[in-house]
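Protein chains: 2
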Amino acid sequence: MDSSGSTMQTHFVDINEEAPEAHPVAPPPKQSTLHRLKVWIKETFFPDDPLRLFKGQTLQRKLILGAQYLFPVLEWGQKYNLKLLKSDLISGITIASLAIPQGISYAKLANVPPILGLYSSFVPPLVYVVLGSSKDLAVGPVSIASLVMGSMLQDEVSPNEDPDLFLKLALTSTLFAGLFQAALGILRLGFIIDFLSKAILLGFMAGSAVIVALQQLKSILGITHFTKNMAIIPVMKSVFHKTDESKKKPKLFWVSAGAPLVCVIISTILSFAIKAQHHGISVIGKLPKGINPPSTDKLIFNGTHLGLVIKTGFITGILSLTEGIAVGRTFAALRNYRVDGNKEMMAIGLMNMVGCTTSCYVTTGSFSRSAVNNNAGAKSAMSNVIMSLAVMVTLLFLMPLFHYTPNVILGAIIITAVIGLIDIPAAYLLWKIDKFDFLVMLVAFFGVIFISVQYGLAIAVGLSILKLLLQITRPKTVMLGNIPGTDIYRDLHHYKEAARVPGFLILRIEAPINFVNITYLHERILRWVEEVEEDNILKDFSLQFMILEMSAVSTIDTSGVSLFKELNTALQHKGVELALVNPLAEVLVKLRKADVGHNNIRDDYLFVTVGEAVTSLSSTLKTPTVREEAQETVVEY
Amino acid sequence: MDSSGSTMQTHFVDINEEAPEAHPVAPPPKQSTLHRLKVWIKETFFPDDPLRLFKGQTLQRKLILGAQYLFPVLEWGQKYNLKLLKSDLISGITIASLAIPQGISYAKLANVPPILGLYSSFVPPLVYVVLGSSKDLAVGPVSIASLVMGSMLQDEVSPNEDPDLFLKLALTSTLFAGLFQAALGILRLGFIIDFLSKAILLGFMAGSAVIVALQQLKSILGITHFTKNMAIIPVMKSVFHKTDESKKKPKLFWVSAGAPLVCVIISTILSFAIKAQHHGISVIGKLPKGINPPSTDKLIFNGTHLGLVIKTGFITGILSLTEGIAVGRTFAALRNYRVDGNKEMMAIGLMNMVGCTTSCYVTTGSFSRSAVNNNAGAKSAMSNVIMSLAVMVTLLFLMPLFHYTPNVILGAIIITAVIGLIDIPAAYLLWKIDKFDFLVMLVAFFGVIFISVQYGLAIAVGLSILKLLLQITRPKTVMLGNIPGTDIYRDLHHYKEAARVPGFLILRIEAPINFVNITYLHERILRWVEEVEEDNILKDFSLQFMILEMSAVSTIDTSGVSLFKELNTALQHKGVELALVNPLAEVLVKLRKADVGHNNIRDDYLFVTVGEAVTSLSSTLKTPTVREEAQETVVEY
């Protein structure tokens, strides 16, 4: 009987006698189809109303605003001064010290030559500084996108056997990633990245971290087999463990920011001093000197691998966009400015499109470096320029120094970075708040580990969408009762003091009514009626009115409209009349259009509130309700 | 400024002074995770509560009820009597006279031997009569499923070049169709057929009708090229045109019901008399005598065509199920009894599983024959048995009579049947009520005609789901105003008399809040705030409270919970406080769980109604609002 399974005591109430005047349900103002289409397009694709800025401005001003919209640097560049530059200089050099070792490491994760990590930290920041609207974002290669690109491409081409082809595919994937990203921004389809929910990303990142850590550990342990230099691992571990903790203590963040470079320098010196390569420790080896060579000749569009690069471009593009936008939004919220999602997508997309022609693989805003950037006091995107210049100096003059850097140190840098991606407290919070989200997270986690990056993601996204569809397919219907002494009607299962009104069944439908749920709603509503009738017969009351509270029915389609016709037919067989309360404008218009003779939706059965409906209809109740009894009767429901 | 683009006059109202006592938002009763899971499963998969029947019964009674649940014939068979049989006898013979010519014709549509149409009208009805719960359904082959099976299978195998293999594939597809159908019923996943909305079916059926009619016309016109017997076409046309119209006039339905058989008889006699085959008119030719041969040896599961038969089985299974269930529900509603969707799926599924072992291809409840059945006065599923017996007599004794039936008459029967599938008034109604549904219909129509049956359907279903997702991704937010003299707050754009309350922004969110829409909601809500602030500054009011009316937020997930934290941060920067009105039990529980210190959701900022929120909060308004002015001020909004 009781849909939620709990036994609950419901009592009937007396119907409010002193009836105030009822308010008629007003027909909404008429709107043409074209007008409604315009409103729909605006609300769907332009919720930020980007043209608002231009309204009522002179042509010249409009042009300036337009240029500033496309190139935010024109706006903040005007107000830029020496004091800001000083801050940006410090933070720029700080992130460069992080970007150089991370760049080399992440390039290895992507199975491309280490030097690409530095190339990718030089050109893309210069593009972003012109187009980007975040003050905190530090752009360059990131671990997740590197890992995904590396693992997706090696499904078809081995990076060891054919490194040249592999590099070409990586650069071409970067082009497609950029194209997708820019297209999402231009077409204002940014909501697509919303489908990667926090739960999915949490599971996905933890899964990726496990894969990467295991890969790197294997190579590290492999090396220790040949050498006695094992001590370096616990040392590294303790260093990075400290670093990791310092995330929560901004005071120690200089350790965090500087540690990777310091480790690289110390280990390189040690490695050079003991001639490590003769002891079986693999080192980076010779790296080419000089800044990014052009790479347009490396973009290949022939049929064999085209599908793969498009797929890889799409997935790495979406993932890196998600990271970049999320990072930008996080810091914008912290510092109370706003980043424009669509503009950021275009900026990141163009950055990758330019990048792939200058030997850069996929880049975006990095969470770890942006955090350091923010902590080091960055004031504008100019810190990216400083970082870029520092990387340029490295590329031009310091490359020979990396010759003796042990690969093991890069592995350690990677592990440190990815271990930070595993967020146990966040997972626990998911468990606490929403078990289904926790399930989605687990699916993403195990999917990535045991199946593959792309399928793990796809299954988790599919599951999330299935949940949304199930919510629409099985909308909640709630029985309402009166809170005694008021005109308020609330869920009988939520508010214990709420009481049923004799002769009435008051239901709230809590979802749009459409083709996927009319069958269910029809069945469920009739079951409510049957249950209440059984009750009523026992208690000598007869059910005469069903009131549907429609304020939560946000939209309705043609199938939904037909539900009311069918409900009316079914209810009339039972001698029950249907009244509607507070249908929204759009819903009311559609019901009216479908119901030519006003047979199903009678004007006198339309009310603004449940209270008014009950007051107005109870005067027409046929059976005299036994008030005194009702007052005292407590029925099990 | 105005989100819906229309210019509208909004006036501010005075805040109700005599504050009644506010009602606290009650915490909902505590429920364990296991309990909530049980409720969710029950509401999602068992909305009809099938076990309700068995509650409080003795074991013996439970067994009887269980047997009757599985085999409805046990229930209605008990009460069956001679009077009912008389009615069923008439209707059974009537539908047999329709089933025989239609069966032969539809088998040709499916590219299988004509005799299969009769086999399929003999065994499946006998299965359905035991398992089915509809009193009106007349089962057998139907045009849509025949067409789809015929056209999907011939993508890989030509029915002319390898008719034997084609037949095997058809029977194996029927097995898979039956398996899918029964599985949907057993797993209670019947909502899957709901995704084929009326709009999709309308477009799909019209598209199929056009394809079939063109195919048949081609062969008919091809024949007229060889013979002078052209007159038969306009004759047939006029006959069937009449039949078609008579659908709306039940008095003439005997013409409709009898016409095909009469036409077949007359044309066969004519064809025999003039020795039509010597004049180039193709006739059916020799048909085997005798009832269904077993066909288990014809089911093939080897790898080459397995994918095709599974796909064909799935699509024809879903389509025929949709037709069968819809027909059953339509007549049940007309005659005020109920069919159990899940049980019908099992019945139709088993019917096809038995069918494919006895030389039957896919069958379901036919709309045209069920209508005739109902009109002819059928009282129970027994009329299917009568029809089946009539078909058996035909199979055993009358087959030689069909030797001379011209194929052209079968083409005409097919055309008549499919032309009836084109429903222009229904399409016009779609246009009138919901333009998007109309678009979906057009996509299904042209998709089926210009691409293929399966892709046309898939694109239309995809578009429908995209619309649902877009609705969730871009939920409506509505600004509420007070209806003067009441405690009622309604959409400012719908109710012209509603007026804004100075110092307050009252928004209704009309969708569940989850990962796909938090970004949008965040952006949209802040735009509302900015717009109202611009207004308020102009009018010397300052915005101090944002009230979110949450009753239409049916669910929330972990991402949705984080929206409130972010909103609070953003609003605090603006000096605006956030109050929530009437969050549903589930939503409130999740908000509380995520908000440990009650920092984001303060107890004193939670209200049961907007009226109470405004009354309670307006006493704490910092700036004295200029009441007299406000009363008269009419601002453009």
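As they're listed, the protein sequences go chains A and B.
Here UniProt numbering is used: position 391 in the first sequence is 391, and no number is missing along the way.
Here UniProt numbering is used: position 94 in the second sequence is 94, and no number is missing along the way.
All C-beta atoms in this analysis are idealised placements derived from N, C-alpha and C, irrespective of residue type, glycine included.
Please read these numbers as outputs of a predicted model, since none were measured by experiment.
Name, in chain order, the residues that DSSP records as bridge partners for residue i.
i: A/Pro406; result: A/Val283
i: B/Gly447; result: None; B/Gly447 has no bridge partner.
i: A/Glu43; result: Answer by DSSP bridge pairing: none, since A/Glu43 is not bridged.
i: A/Ile547; result: A/Ile506 and A/Ala579
i: A/Gly365; result: A/Val139
i: A/Phe176; result: Note: A/Phe176 sits in no beta bridge, so no partner.
In three-state terms, what does DSSP make of residue i?
i: A/Val529; result: helix
i: A/Ala499; result: strand
i: A/Met230; result: Here A/Met230 scores only 30 on pLDDT, less than 50, and its place in the model should not be relied on; the value that follows carries that caveat. Reduced to three states, the DSSP call for A/Met230 is helix.
i: A/Leu480; result: strand
i: A/Asp88; result: helix
i: A/Leu137; result: coil
i: B/Tyr455; result: helix
i: B/Gly132; result: coil
i: B/Arg36; result: helix
i: A/Asp340; result: coil
i: A/Arg490; result: strand
i: B/Phe71; result: coil
i: B/Ile291; result: coil
i: B/Thr620; result: coil
i: A/Leu299; result: coil
i: A/Ile556; result: strand
i: B/Phe607; result: strand
i: A/Leu601; result: Per the sequence presented here, residue 601 of chain A reads as Ile, with Leu not at that position. Coil.
i: A/Ile274; result: coil
i: A/Ile513; result: strand
i: A/Phe122; result: coil
i: B/Arg188; result: coil
Excluding the 5 residues preceding and the 5 following residue i in the sequence, name in chain order all residues of the same chain whose CB lies nearer than 7 Å to its CB.
i: B/Ala332; result: Ser134, Arg338 and Val339
i: A/Glu566; result: His522
i: A/Ile291; result: Phe122, Met392, Leu395 and Leu396
i: A/Phe436; result: Lys467
Tell whether a beta-carbon distance below 7 Å holds between residue i and residue j.
i: B/Leu430; j: B/Ala199; result: yes
i: A/Ile365; j: A/Gly328; result: For clarity, residue 365 of chain A is Gly in the given sequence; the question names Ile instead. Yes, Cβ-Cβ distance for A/Gly365 and A/Gly328 is below 7 Å.
i: A/Asn374; j: A/Val362; result: no
i: A/Ile95; j: A/Ala145; result: no
i: A/Ile433; j: B/Thr558; result: yes
i: B/Thr322; j: B/Leu196; result: yes
i: B/Gly411; j: B/Gln102; result: no
i: A/Thr85; j: A/Val372; result: According to the sequence displayed, residue 85 of chain A carries Leu and not Thr. Their beta carbons are not under 7 Å apart, which means A/Leu85 does not touch A/Val372 by this criterion.
i: residue 639 of chain A; j: A/Ala460; result: Given that chain A is displayed from residue 1 to residue 637, the structure contains no residue 639 of chain A and the question cannot be resolved.
i: B/Lys289; j: B/Met399; result: yes
Output needed for residue i: all residues of its chain with C-beta closer than 6 Å, excluding positions within five of it in sequence on either side, in chain order.
i: B/Leu89; result: Ile386
i: A/Asp491; result: Val478
Might you give, ordered along the chain, the residues of its own chain that have their beta carbon closer than 8 Å to the beta carbon of residue i, omitting 5 neighbours on each side?
i: A/Leu53; result: Leu65 and Tyr69
Should residue i be flagged as near chain D, meaning a C-beta pair shorter than 7 Å?
i: A/Tyr489; result: The chain labelled as chain D is not found among the protein chains of the depicted structure, namely A and B.
Kindly confirm or deny that the stretch 103 to 116 of chain B and the stretch 162 to 181 of chain B touch, where touching means at least three C-beta pairs closer than 8 Å. In this structure the stretch 103 to 116 of chain B lies against the stretch 162 to 181 of chain B, because at least three pairs of beta carbons, one per stretch, are closer than 8 Å.
Would you check if there are 3 or more beta carbon pairs closer than 8 Å linking the stretch 341 to 356 of chain B to the stretch 181 to 188 of chain B? Touching, yes.
Between the stretch 572 to 580 of chain A and the stretch 454 to 471 of chain A, do at least 3 Cβ pairs fall closer than 8 Å? As far as the Cβ criterion goes, the stretch 572 to 580 of chain A does not touch the stretch 454 to 471 of chain A, which means the pair count is below three.
Any 3 or more C-beta pairs closer than 8 Å across the stretch 566 to 575 of chain A and the stretch 442 to 462 of chain B: Of all C-beta pairs linking the stretch 566 to 575 of chain A to the stretch 442 to 462 of chain B, fewer than three are shorter than 8 Å, placing the two stretches out of contact.
Mind the definition here: the stretch 395 to 409 of chain A touches the stretch 277 to 288 of chain A only if three or more C-beta pairs lie below 8 Å; say whether that holds. As far as the Cβ criterion goes, the stretch 395 to 409 of chain A touches the stretch 277 to 288 of chain A, which means the pair count is three or higher.
Quick one: any contact between the stretch 306 to 319 of chain A and the stretch 147 to 160 of chain A, if contact means 3 or more CB pairs under 8 Å? These segments touch.
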